[in-house]
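Visitor: Residue numbers (this note's numbering): 715 to 792. We treat Cβ as the ideally placed atom computed from N, Cα and C, and that holds for glycine. Structure incoming, see below.
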Amino acid sequence: MDRANVLNQPDRKVCMARTKGRSNHADPHLGHVFGDGPAPTGQRYCMNSASLRFIPVDKLEAEGYGEYLHLFKKDAHK
Numbered sequence: 715m716d717r718a719n720v721l722n723q724p725d726r727k728v729c730m731a732r733t734k735g736r737s738n739h740a741d742p743h744l745g746h747v748f749g750d751g752p753a754p755t756g757q758r759y760c761m762n763s764a765s766l767r768f769i770p771v772d773k774l775e776a777e778g779y780g781e782y783l784h785l786f787k788k789d790a791h792k
C-alpha cells in the first residue's frame, strides 16, 4: 500500500512488456502489471495471491494499518 515498499522492474521474459513487482524488504515476487488494462490508467494487475493478505476495514486499526482508513471513506476517490 506504500509505493516505497515495492520495487518495480521491467520484465520482457515472455516477449511482452510488463512490470514485475517485488518487495523492497524480503524480495519476494508480488506479481506483474501490464499496460493493456482498462481506462483510465490502462493498467492490468496480475498479483500472486500468496503475496496478499485480506484485512477487513474494521480490523485495519488493530492490525497496524490505521493510517490507510481514509482510503475507505466514500469520498476518498473523488
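Taking the alpha-carbon positions, what's the G706 to D716 distance?
Guide: Nothing can be reported for residue 706: it is not among the residues displayed for the chain, which extend from 715 to 792.
Visitor: Distance, Cα to Cα, V720 vs Q757?
Guide: 16 Å
Visitor: Per DSSP, which residues does T733 bridge with? Please list them.
Guide: P724 and V747
Visitor: Are there 16 or more other CB atoms within 10 angstroms of the CB of L785, so buried, or fewer, so exposed?
Guide: exposed
Visitor: Starting from R758, trace the beta strand (DSSP E) both ways and give me its first and last residue.
Guide: Its beta strand (DSSP E) spans residues R758 to M761.
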